[in-house]
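Participant:
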Ligand SMILES: [Fe+2]
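In the working numbering, the protein residues as written are 1 to 154.
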């Protein structure tokens, strides 16, 4: 396993933690395929799903920050956008037949974990307070609607 998910990566916001863990699951699945003979199709598929899921997660996360009134949402959005441009460049190289799986794994591993531990942690208290103040049940409907809105697959 490339990344062992653990409590050190949890923000205490269930829906976000589940999405982060899912990205880590994708990274581990991709890592297992890389280097296997005839893995090209499988790698291409996971690569695509991983990028798609990560981008969906970013827009969901931004919507949640905005809903919670987090002041640094725009800055966080810019961080996401820069990263999205990097992974999309890799995806395009992959579509052109280049083997980018290892480069993408390294980028995600390094960037994502740093991002969760630093920038995401910066919004966690405020968003958690917001969720507690309106009540988890009341947020449930919003979460369902926005998962449907931002994710192609949930
Ligand atoms: Fe983020």
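Just so you know, even glycine gets a beta-carbon here, dropped at the ideal spot from N, CA and C.
This structure is a prediction, so every number in the text was calculated from the model and none was measured.
In whole angstroms, what is the alpha-carbon distance linking residue 45 and residue 87?
Facilitator: 15 Å
Participant: Which runs of the alpha helix (DSSP H) fall wholly inside the segment 97–152 and span at least 4 residues, in chain order?
Facilitator: 101–115, 121–134 and 136–150
Participant: In the DSSP assignment, the alpha helix (DSSP H) including residue 47 goes from what residue to what residue?
Facilitator: Its alpha helix (DSSP H) spans residues 40–67.
Participant: Please return the same chain residues whose Cβ sits closer than 8 Å to the Cβ of residue 152, not counting the five positions on each side in sequence.
Facilitator: 52 and 56
Participant: What is the rounded straight-line gap between the Cα of residue 137 and the Cα of residue 143?
Facilitator: Going by C-alpha positions, residue 137 is about 10 Å away from residue 143.
Participant: So is the beta-carbon of residue 114 under 7 Å away from any non-hydrogen atom of ligand 1?
Facilitator: Not so, every heavy atom of ligand 1 lies at least 7 Å from the Cβ.
Participant: Could you tell me how far apart the beta carbons of residue 76 and residue 62 are, in whole angstroms, since I believe they sit closer than 8 Å?
Facilitator: 7 Å
Participant: How close, in whole Å, do the beta carbons of residue 120 and residue 11 come, if the pair is a contact with beta carbons under 8 Å?
Facilitator: 6 Å
Participant: Does at least one heavy atom of ligand 1 sit under 7 Å from the Cβ of residue 150?
Facilitator: no
Participant: Would you identify the three-state DSSP class for residue 10, choosing helix, strand or coil?
Facilitator: coil
Participant: Beta-carbon within less than 6 Å of residue 5's beta-carbon, same chain only, minus the 5 sequence neighbours each way: which residues are those?
Facilitator: 21 and 24
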